[in-house]
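For reference, the structure is listed below as structure tokens.
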Amino acid sequence: MKYDIPLGKPDLTDADREAVLATLQGSRLTMGSALLEFEAHLATVVRRPFAIGISSAGAGLEICLRALGIGVGDEVLVPSLSFSSNVNSVISVGATPVFVDCDARTLNMNVAHAESKVTAKTRAVIGVPVLGNPAGLPELIAFCSRFEIPMVEHAAEGLGSTIGSDNVGKFGRLSVFGFGPNRPIGAGEGGAIVTHDDRLAAACRALRNQGRVDRQSFPNQSQDLGMLMAFSGMGYDARLAEPLAALASSQLRRLDEIRSQRLEIAAAYTRALGGHPDLILPNVMENSQICWPLFWVRLSDRFGVHDRDALIDGLHRHDIGAANHYPPSHLLPHVQKMFGTKVGDCPTAESIGDRMLTLPMFTSMRAREVGQVCQALEIVLSRAGIERSS
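Count the sequence shown with the working numbering and you get residues 6 to 395, in order.
Structure representation (structure tokens):
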């Protein structure tokens, strides 16, 4: 549905359009020079030696788990308060998801709860800077190091966010970015895996291309192969198309500018909504910076899930986009059916998931639009409060 102020929208420049057009006029639409340029650029930005362009962050998660050798009989710790692609990727490789509750301040994985879930079968942790918030990532990677468990960092929403001197995407043994809707770098679809491990990078390159071996992945392979096909094992059709690689690369050149604009928008939201008795705003740690894929708020404890849903409907009636990021993953119907998860397993994620909503955020958003969103939110919220007290 189209809104006057949408939840998100692309911010495309003439340079972006020209970059895409150049690929359409070339001889290759996949696995070409635009992809190589993008991979090199991203690796430099996040300060990791290897970057592998892929078709989506969801595909990237499954590829990472396959590259780590995870499968049937293994357990993977996943955050409950996060997008469904985390648990779905674990299910797809035949492993068992083990759900971890969130920290009420940061929304990210509660490390103490994660420690209680470790067993002899635990083979990986999927760590997520939820909605781009990097708070807690250093503690999470320290926990993984202590237990010698590799972390796959699902940083789809985190490109451009930092904590201390570290970029999001630098923490996982493998880290996954996404360039779908409502991302600071938005190519419509697409993603990338970054890592410091040359063997895992080679495995991911093969897995994204139906297991096909290429010279970049295996430089010691016989050069007599030429353009003949050689395969190292199973794989997927998960390549990043040239137009999307060119678009993502063009936007990546503006990452500092995009981050600055989104920081200003988030600051405007905070000024307008701060101090409201029924709203809990994002908690940004002193040494961290969020690139803000979306702006989120949480209703106070006197409200429940039906109030939150009514609030979203009210914003829609004001022609403003809003959504319920994120329903707790352990309560998704297919997950409950497969693994017997239930209400009460992750109480903090359940409480926050019932009362959290996301508000419009896009790079070209104007102060006037932020004001309209905040005014509509307060009107709808005041009506909800009156109805509850009557």
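Quick reminder that beta carbons are idealized off the backbone N, C-alpha and C, glycines included.
Inter-residue Cα distance where the pair is residue i and residue j
| i | j | result |
| --- | --- | --- |
| K14 | I325 | 13 Å |
| I384 | A315 | 13 Å |
| E80 | F344 | 12 Å |
| R388 | V348 | 30 Å |
| A100 | A27 | 42 Å |
| P134 | G141 | 8 Å |
| Y8 | H321 | 8 Å |
| I391 | E194 | The predicted position of I391 is uncertain, since its pLDDT is 47 and thus under 50; no value can be drawn from it. |
| F43 | S180 | 16 Å |
| L212 | L145 | 27 Å |
| R264 | G165 | 7 Å |
| R373 | S89 | 34 Å |
| S305 | I10 | 25 Å |
| G174 | H311 | 36 Å |
| S94 | P102 | 9 Å |
| P155 | L386 | 43 Å |
| A197 | P54 | 13 Å |
| C351 | G319 | 29 Å |
| L268 | F367 | 11 Å |
| G231 | R217 | Bear in mind that a pLDDT of 44 at G231, under 50, signals an unreliable position, so the number given afterwards is only what the model happens to contain. Cα to Cα, the separation comes out at about 13 Å. |
| A45 | E262 | 20 Å |
| V199 | A381 | 41 Å |
| A425 | A251 | Only positions 6 to 395 of the chain appear in this structure, which leaves residue 425 out of reach. |
| M6 | C379 | 21 Å |
Where residue i falls: helix, strand or coil (DSSP)
| i | result |
| --- | --- |
| T91 | Before going on, a small fix: residue 91 reads as Asn here, not Thr. N91 falls in the helix class under three-state DSSP. |
| P143 | helix |
| G65 | helix |
| S369 | coil |
| S2 | For the chain, the structure presents residues 6 to 395; residue 2 sits outside this window and is missing. |
| R217 | strand |
| G279 | coil |
| S32 | coil |
| L362 | strand |
| H339 | helix |
| S255 | helix |
| V302 | strand |
| D171 | strand |
| S293 | strand |
| F152 | helix |
| D312 | helix |
| G231 | Here G231 scores only 44 on pLDDT, less than 50, and its place in the model is too uncertain to base an answer on. |
| C379 | helix |
| D350 | coil |
| S166 | coil |
Best match in the options for proximity to residue i [C-alpha to C-alpha]
| i | options | result |
| --- | --- | --- |
| R178 | G280, P298, I131, S166 | I131 |
| N115 | T124, F104, A125 | F104 |
| I270 | A246, S369, V302, R52 | S369 |
| P143 | G165, G137, D171, E162 | D171 |
| P39 | D21, R53, V51 | Sequence inspection shows Ala at residue 39; the Pro mentioned does not correspond to that position. Measuring from the Cα of A39, the nearest candidate turns out to be D21. |
| C69 | F308, A206, T363 | A206 |
| K122 | T49, F88, G37, V83 | V83 |
| F152 | S180, G169, L164, A117 | A117 |
| A72 | Q266, A208, I285 | A208 |
| G238 | Q215, S305, T200, E355 | Q215 |
| A109 | N138, R128, G183 | N138 |
| D359 | G376, G309, H323, P365 | G309 |
| P365 | G174, H323, T124, S356 | H323 |
| H169 | I96, M290, A125 | Inspection of the sequence shows that residue 169 is occupied by Gly rather than by His. The candidate whose alpha carbon is nearest that of G169 is M290. |
| H201 | L382, E355, R52 | R52 |
| P176 | G183, F184, G163 | Correcting the residue identity first, residue 176 is Phe in this sequence and not Pro. Of the listed residues, the one whose Cα sits closest to F176 is G163. |
| I317 | T363, S356, G74, S97 | T363 |
| P332 | C107, R33, G37, D16 | C107 |
| G74 | T111, T275, A129, L29 | A129 |
| H330 | G31, L17, L136, T124 | L136 |
Neighbour-count burial assignment, residue i, 16 or more Cβ in a 10 Å radius
| i | result |
| --- | --- |
| N288 | exposed |
| D19 | exposed |
| V77 | exposed |
| P282 | exposed |
| M361 | buried |
| N292 | exposed |
| D203 | exposed |
| G376 | exposed |
| S87 | buried |
| A273 | buried |
| P248 | buried |
| S150 | exposed |
| Q228 | The pLDDT assigned to Q228 is 47, lower than 50, so where the model puts this residue is not dependable; a value taken from the coordinates is nonetheless given after this. Looking at its Cβ environment, which holds fewer than 16 other Cβ atoms inside 10 Å, Q228 is exposed. |
| R313 | buried |
CB contact check: residue i to chain D, cutoff 8 Å
| i | result |
| --- | --- |
| E23 | In the displayed structure, chain D is absent; only one protein chain is listed. |
Cβ pair count under 8 Å reaching 3, the region 256–274 against the region 186–194:
yes
Contact between the region 289–297 and the region 326–344 (3+ Cβ pairs under 8 Å)
no
Check whether the region 238–253 and the region 56–66 are in contact - that is, three or more C-beta pairs closer than 8 Å.
yes
Does the pairing of the region 154–168 with the region 64–76 give three or more beta-carbon distances under 8 Å?
yes
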